[in-house]
Each structure stands twice: as C-alpha cells, then as structure tokens.
C-alpha cells in the first residue's frame, strides 16, 4: 500500500534537483523550487459582501483584502486579487486553510480548496524577470511590477498567477494538471542563463 | 574576377582570420566581414544565378534589400536557404552554397533560357502551359519550379532552439544610424525606457559605411561615444542584429533577434533566434533610406551596384568590386562614391550624370559627362569590362556605381494600412503623416543631409519621450557637414537601353514587362505586381518598386502619386518558421494536461491517447494484447466483476450562493430547483440556438452548494457559458462558481461487485437503501481523506464515482485496486468506457455535435415546459420539432463480425447512395464484447418508429456496404436493473 499520509505533488515525477543549462560565472540566473504541500483556497465574495469579507479577514487572519493585481500578506497567509471579487488565499505549509476560512467567512464568500488543484512554483534570481518575459505579455520591469503586485496571465498557453514576492522573487501559481508541462517549459526558458532546482 | 580587398582601411579585424567555404572552395575573411564582403575580398564577384533567366549575378546592395546574393548557409538540419550574403556575418567554419544553378554556378545549364528570353516575358507561363489542363500540376509546374527558384531545404529537422518573448518600452527606436542614435539619446536622457533595434551586427546605421565627420571627429568615433553612453544607461536596451519586421495594432511591433547566427555550432542552451513582441508607447522610425538602382541595359551585370553599396563595401569592409570605377547617377549623392573610392586609391574613370543641367559640384577632379546614359554593360559572369554610353561609346571600367535617388524605408509606418505619400520635390514616397505612434526621423523621413538627420532624430526622440509622458530633455545636435547637395532628377529607365534592363532583380522583371502588363490590362499597381511578379519574393521589391511605379506611370500616362504603391505587410525581411514557432515545438507544441491518476495508470501499463490537451489512459494491455483484446477483457470483467477507470478529466465546477439552485435551473433544460440535498441528477444544457450543447451530472451537496460536471471536451466552453450567463444575463443572481477540475481526482468504480470493493475504502453505508442510485455525499476515504461519492453510472452497471483531492488520487486508486483484488478488479480505459456507453446508448459529443436537439437524441422529456432556460425559445422552432428529423437509433450489422465506422451513411436497402437517398449516419461505433458484435448509434430520419427495419450502411471512403438492422439505442439492460441493483 502506498503511503497515504502525504499528497503527491504533480511535479514529483519531473523535478530533479541540481544545476542545469548554461554555466554563468555569476551563478545560475534563476533558482526554481516548489512549495509542497501548500494550502491554497479560492475566495469569491457573495453579492455585496466584499467589505464584510475584508473586515472578517482582517479580524480573524490579520490580512488585508488587496485589490485586483495586488497581494497582501500577514501571519504566513497571502491573499492575491485575481479577478473582480475573487482571490486566491495561499499559505505554504499550512493546514485546512479552506476549512478555517469557511469557518470564519463561509457566509460571505464561496471558499473552495485548491490546495491540490493549484501548484506553486517559486522562481528567484537575477534573471527571473527575463525568463518570465519569454512567456507572459505582462510588463515585468522592476519599476512596473513591484513586490506585492500580481498578475493573472498565461505562459505557454497555460493560465498562471504571478505574484512578485520580492525584488527578484516570484510565486507562480498554476493549474495542477498543467503543472508538469508548465515546469518543463519554465526550465527550458531558463536554460539560457542557467538554473538551479532546489 | 575583379573584386579585391584594400591593403588597409575598413572596420574589419585584419588580425583575426576566419576560414569559410563557398561552393566547396576554401576562402578566408576577417572578423567584421559579412559573407558578401569576404567573397568580394576573395575575388568572388559571381555569387548567384537569377530566378528566371539564370543570369550571373553579384551583390547589388550592401544590406537588407539584397536581391541577388542569396545563399544556402550551413549544413544538415541547420541549412538555411535564401540567406542574404550581405546580412550574414562571417564566422569561422561557415559553409555557403550558391543557389538556383545546375550543375555549377560557373556552368549553369539553366542559362539557356536567357537565349530564348524574348519568349519568357511576364505572363509567359500562364499563356503557354495551359493545355492539357492536368499537365500543369503533374508536369509543367514541377519543371518550372525546379528551373526557377530559390534555395533548397535539407528536409532534416532543425537541431536548434528558438524562443519568443515580450518586451516593453516607452520608446522603440528602429535603426541606429545618425537619426536613431540621436533619438535614442534624447528619449533616454528624458528618462524613458528605450529599446534601440538595428538589423545589422554593428550599430551605427550608415555611419560606419560613410566617411563623414560629426562634431569634429570621425563618424565612427562619435557613434562609439553615443553607443557607449546609451549602453551605460539602465533605461536603454541596445539590440544589434535585431530586425523590427512588423507593426501591429496599437504600438505592438514584431522583431527578430539573431542571437547565434554568427557561429557554426550554437550553444544549445541559448536560442539561435528570438522573436520579440515589443509593446511600446511610441516608435521612432529611423530605418534609413534605400538607394534606388537605375534601370538600364545590363544593370544586373556583376560589378554593377548601387553607389551607396560601393561606398559601404569600401569604407566599412575595405573591398571594391573592381580596380576602376565609373559612376552613373541622376543625383548629387552618387558623386560621393567617386570621392570615397578615390580616397581608397581606386581609379575613378568618369561620372556619368544623366542630368544635362546638373549644378556643378566637387568631384575631386573626376571628369563628369553630363546627359550621359548607360545603355549597356560589357563583360561576363566574372565581371565587367566597360559601359556603353548613349548607345555607342564604350568606356572601360571594372565596376559601375549607380544612383537613382533615395527611397525612405517606410514599411513599418505603412503596415497598419496607411499608404505612403509621394513627394514630387524629394522624388520619393514619404511615410504617411499623423501616425499617432510612429514618428519617422532622418532619411526615413526624407532628410538627406547628415546634419538634418541628426537634428531630426533628436527632435523625434524628444517628441516620442514627451508623447510617452516624459519631460523631454534637451539634447545638443552635433555639427556635421550639411553642404552636401542631394538634388535628384528621377530617371525611371533608360529607354535607349540595348541590353536587358532589370527593374526587379530577384524576379527578373525587365523594363519591358511593366508596359506589357499595362497593355494587357493589368495597369493597376497591385495587378501589375502579380502579373509581372515585380516586387514579390524575399526582397519584396525594396530596390525595384519605385522604379516599377515610375515606369508604369509613364506607360499609363498617370502620375506616380496616382499609381501609388502596393500594400505593405509584415514581414519587412524574411523570418524563419523556427522563430515563429519559438519554444512551442515538440512536447511544447500545446500544453499537456496530466490527470492526477496518470502515474497510477502508467504503473499499470496503460496506453495513453491524446484527446485535446489531455493524455488519457486508453486501455491496459497485457502481454501480446492489442487494443481490441484489452478493451474486450476490460469490458467483460467490469460487467462481470468490477472495474476502475480514471474520469478525472471531466469538467468540475463548484457552485454556491443564495441563488445557486435558481442559476443552475436556468442553465439546464431540465429542472433542478427541487433536487434534494444528497442527490445527483443528469442534466442537459442547450445552446442559445436550441441545439444540445453539453451534458453532465450536478449534485446538491448542501442547500446552496452544488457540484457540476461537464464533459471533458466541453469543460472550458461550459465555464465560459456560465460566466457569460452570470455576468451578462442574470447579474442579479447571488451565485459564485469556480472550476475545481484540477482539485479532484475522480475515478469510476463500476460492476456488480463495486459496492463490496468501495465499502472497504469509504466509511459510509453503501447499501441500496442508504445510498441508492443518484446519491451524492461527502465521505471520508481511507480514514482521513475527504472525498465525494456519487452513485452514477456511465457503464450501465452498479457504479460509483469517487472524487478525492488530486494529490491523494494515486493512493486511493491503488487502495481500491488492493481492496478489489479478491473480487477480480481490473482497470479499464477510455476504449472500454466508450464501448460500454455505446452499449447503453448514452450520448457524448459524437451525438452532441451541434446538429441535434434533445428530441433527436431521445431526451425530449428533459426539456422542461414549466420554466425558462437557455435555448428554450429557439428549441421551440418549427424546424427543430419536425417529425421528419433524424432521431437516434441503434444499428446492428446483420453479420456481427462486419465492422462499420462512425461517419458512414444510412440508405434504404434498394437505394443507390446519394445525397438524395441519404437518411442518416452513424455517430458512434464500438465493438460490443457483451453482444459479440459491432454496434453503432446513428441518427436516422424518423428513426424511433423504424426499429426492426433493415437498411444499408454505406461508407464511401472505406468502401463499406453492409446490411444492418435498426434497433433500440439501448443495447443492454434497457430497464436499467443493473444500475439500480
């Protein structure tokens, strides 16, 4: 019997740790990793309940409800505005996020667990913006796409939410059934400047 | 061979020797050479054969417009035909081959066409090879294509990688000549994000090609300084080797960056070319101007080139096409070539000025003949020996520079539909005025003097930055010689030419073809282009178009402005398919979707089939089994014992909200308002036009909580439909929904023993009383995994679908396999699933194909008369309720072993198959292991009342003509007793 305690990552069969691509004197251009398990939930407000939801999240989770294309984080919970009245709640290493949100805000919004449906890939490094620019039409210039900002876009025809989490750090949240191919694609685009998988 | 390299001068690195080969002959060149300049340096003036007449040709330009010197570069899969030698950087190990000649460039058999060239005028092929009609495809065209043409492909896969990307900026500067550099400087100093793209390897545009002083120093010094300043600025991206090939909607431009086209063995980690989509706020078009050749007899002889090309070869590459030069010009700028060639120590014989009354300018002592017209060029394939003047005198010389005026490179400004504007005074087509995004500058804007170009560039850069929202910085315009005169009197063609005079080199269009086109009625410029082929192929008439327009104007008695230009479209210069495909090749051609149970199925030896983006487990063969044997075994086992199948690919949508029930009730044609909590229901969705759109089950998990499934193929469209309905049709409803397709691994467990197996995995009472058909409930799986269990059946058996969070899918499926072992459980794939659904007469998108109503497919009762829903009005149309419509039936061949296939037509027993006798078709076909027969679902006129009737299944494609019987589409267990067991 296989171990049923831990869920299997959709990247398990494609991720290999190590250094790949071109060897650059200054080190790999990007570093790739995944956060697994990672609690993710989609939060879509009920009609007219957005401000009530904002208040509830602030009170019970300490996190603000950001606007579209923005993210806000507190106590390890990140809220990302992906559509009007729609957010992704992300908590690496958390547990039962959807249930906890449901408990406090279930009457204000549809809370749906996406912990298995979405896969989070973390990309950091001096060439991260260059790699992503080969995939998305979003303007990723450091002065335009700043830490805290987010974009719902596509890379290689696969939907992805990109969150800028630091100067050269990005969380890429994509659909799990596409994740393996998406990972391959991202790796290929990173060959040019060398990449490290952690 | 007359061409040679100077002992000194040029911007080549003489200490770096590069070895290359041309048609197998070893040659050497230097870093900084192009293939063209290196060939000239090696005395190789002859570089190709012309398209139609196979005339010997050499370079006629020094840049992007080159029509003649096209080569095959590289070997094997890297071979690239039609590469312009003038644009190809020389590298060590470069292998070049001339094109369109047989057996060799020296002795080209095809050149005999030249002897009969009076026959081969425009339209010759169309007029000559008309009969017999079928000979065109079989005989004429292949022969003509072989004789006329460009380079060949290797037919091997390209081993290199290509990539595409996006780039954003405030100001895109196209071209890095005097105007482009000043524009970039002005915009960059204003703080704008600037991208400077130049098609050449070396930035500077015309500067390295001319001997001009700027700000009291050499042009290259000055340019080097500016480029240095720009490259140190963080807001500037300099992109040499990058051709901006297209202007698209708003201010989006396409550009091709040649990343590794200057090495023999590219680094596989790096793409050889990158295709960029540049999204900018403003574009400064500083693409320069193209010098026009003059149309005169023998103007295609090796040794004849544009005056600016001859200067460029001499100044930048230190090569000349011959040791003595004559200049034939109708402009003042042609004289600069005489001065430059003299400065390099090349003997300049004479300046032949077509203008009788040109003002006298400094020619450095070179004699000038006014009113002189070149009527022919003497010489052969290895070079020229002299030019014939005004039909009689011959002046000896080894090369001829020609200057017929300048054409601004307006392409990018015209690609979104605006036409260039003829300027009589400047004798050129100017970029269209008032483009909100594109600001032309320098010679692309009709400024011929260097000083004017610098000033115009600075002004354009400032304007672009200001338009993009920046405070324009002041930029001092450097001093440059601005006394040069550029007066031009257009000379479209030398009518007195004795030799063949070419308008379009690449397509061998002569001065006679255009008047012929006009005479035969093709006098519109777009028609004349197609009739004569002038302006076609890889150079798109960059050199010849304006002369062609001038000649056509004369022939038709119209003005040049009236004739106008043909349409400008991307691409400015050819772009490889590799670059257009970018990274989306091979496994990345389209996204691959992997079910969370993919790995589980793989371990069990599944064969996978691509259905759209999904790779689905199709059957699970044992040693020696084909698909049919495996599928048969899987079906029989499922019907006898129990089977498990991955159905994770179904679209899954979570729906919640106060008005969720009402929302769903409007989406489906059958009612859902009163669905009980804990129950699932099969639902039918119609399209707005009343035809069936999709089907699936929706379960009510709570008062305001539903879980909807759609078919695999229609999932994305159903989601779009739902979004549209909520946003546009019923925004007043309080409902939320989201796709959870990826969240859940879902498996069907089907067969008489499925209850026994599942009971060991799921902690719920699964008895028929506690969990009857169409129950839906949240359960706990393996003691700790939250799951959802549905009692629904697509196989007609006692069956369940169990959904668990995707990451637990493999573990749960394996646990079910383990629990099912004593009961003989086997996995089954898509083939078995399909066969069982045909046996049960269930529809899929074979039947939901946009042509059938609910009534047609036997689901008329699912169309409610009590409520409104999407598609209701249109479904009530008379034609959709015609009793004569096709209706779904079962079809069985009289001989059960005889196979038919979906798509076959149904005709009467004694009918000859035809459109008139057509009564329907087979929509789905399967081998039924249960009935030991091929069976099909079909759509047949009035089918429901014809059960028992015999007819013919006719498949003209596969030559199938079979007698078959119409029957109930539910082949197995029509009362559904097994499902409810």
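Residue numbers (our numbering), protein chains in the order written: chain A, 5 to 202; chain B, 18 to 998. Glycine residues also receive a C-beta, built at the ideal position from the N, C-alpha and C atoms. Computed from a prediction, not measured in an experiment: that's the story for all the values here.
Beta-carbon of residue 14 of chain A versus every beta-carbon of chain B: anything under 8 Å?
-> yes
State yes or no: is the beta carbon of residue 50 of chain A nearer than 8 Å to at least one beta carbon in chain B?
-> yes
Looking at C-beta atoms only, is the number of pairs between the region 670-682 of chain B and the region 853-873 of chain B that lie closer than 8 Å three or more?
-> no
Leaving aside the five residues before and after residue 800 of chain B along the sequence, list all residues of the same chain whose C-beta is less than 8 Å from its C-beta, in chain order.
-> 780
Rounded to a whole number of angstroms, what is the C-alpha to C-alpha distance between residue 818 of chain B and residue 958 of chain B?
-> 36 Å
With a 10 Å radius around its C-beta and 16 neighbouring C-beta atoms as the bar for buried, classify residue 160 of chain B as buried or exposed.
-> exposed
Can you give me the Cβ contacts of residue 913 of chain B inside the same chain, cut-off strictly under 8 Å, excluding the 5 residues immediately before and after it?
-> 948, 949, 950, 951
Is the Cβ of residue 780 of chain B closer than 8 Å to any Cβ of chain A?
-> no
Secondary structure at residue 990 of chain B, three-state DSSP: helix, strand or coil?
-> coil
Could you say if the region 295-311 of chain B and the region 190-206 of chain B meet the contact criterion of at least three C-beta pairs nearer than 8 Å?
-> yes
Given a threshold of 16 other Cβ atoms within 10 Å of its Cβ, counted over all protein chains shown, does residue 461 of chain B qualify as buried or as exposed?
-> buried
State whether the region 114-121 of chain A contacts the region 31-38 of chain A, with contact taken as three or more CB pairs (one from each stretch) at a distance under 8 Å.
-> no
Note down, in chain order, all residues in the region 101-123 of chain A with a beta-carbon under 8 Å from any beta-carbon belonging to chain B.
-> 113, 114, 116, 117, 118, 119, 120, 121, 122
8 Å CB neighbourhood of residue 40 of chain B in its chain, flanking five on each side removed = 113, 114, 115, 121, 122
Checking contacts by CB at 8 Å: is residue 287 of chain B closer than that to chain A?
-> yes
Measure from the alpha carbon of residue 663 of chain B to the alpha carbon of each residue in B:729, B:517, B:605, then state which is nearest.
-> B:729
Cβ-based neighbour list, residue 429 of chain B, same chain, cut-off 8 Å, excluding 5 preceding and 5 following = 191, 261, 263, 264, 270, 300, 302, 304, 455, 589
Do the CB positions of residue 194 of chain A and residue 755 of chain B come within less than 8 Å of each other?
-> no
Between the C-alpha atoms of residue 11 of chain A and residue 824 of chain B, what's the straight-line distance to the nearest angstrom?
-> 4 Å
8 Å contact criterion, which residue 999 of chain B and residue 324 of chain B should meet: CB distance rounded = A query on residue 999 of chain B cannot be resolved here, the shown segment of chain B reaching from 18 to 998 and no further.
Are residue 688 of chain B and residue 881 of chain B touching if we call contact CB-CB under 8 Å?
-> yes
Report the three-state DSSP secondary structure of residue 258 of chain B (helix, strand or coil).
-> coil
The alpha helix (DSSP H) spanning residue 615 of chain B covers which residue range?
-> 615-620
Exposure label - residue 551 of chain B; buried when at least 16 CB within 10 Å | buried
So with Cβ pairs under 8 Å, would you call residue 143 of chain A a contact of chain B?
-> yes
By Cβ distance below 8 Å, which residues in the same chain neighbour residue 167 of chain B in space, the five residues on each side in sequence not counted?
-> 68, 87, 98, 99, 116, 117, 554, 555
Just how far apart, CA to CA, sit residue 228 of chain B and residue 334 of chain B?
-> 13 Å
Do you know offhand how far residue 55 of chain A's Cα is from residue 739 of chain B's?
-> 25 Å
Between residue 724 of chain B and chain A, is there a C-beta pair that is closer than 8 Å?
-> no
Interface positions of the region 759-771 of chain B facing chain A (Cβ-Cβ less than 9 Å), listed along the chain = 759, 760, 761, 762
Cβ-based neighbour list, residue 791 of chain B, same chain, cut-off 7 Å, excluding 5 preceding and 5 following | 696, 697, 698, 808, 809
Using a beta-carbon distance below 8 Å, is residue 195 of chain B in contact with chain A?
-> no
For residue 728 of chain B, which three-state DSSP category applies?
-> coil
Using CA coordinates, which residue listed in B:669, B:832, B:622, B:503 is at the minimum distance from residue 647 of chain B?
-> B:622
Leaving out the 5 sequence neighbours to the left and right, which residues in its chain are closer than 8 Å to residue 175 of chain B when beta-carbon positions are compared?
-> 94, 95, 595
Leaving out five residues on either side along the sequence, give the residues of the same chain with a beta carbon under 7 Å from the beta carbon of residue 884 of chain B.
-> 682, 688
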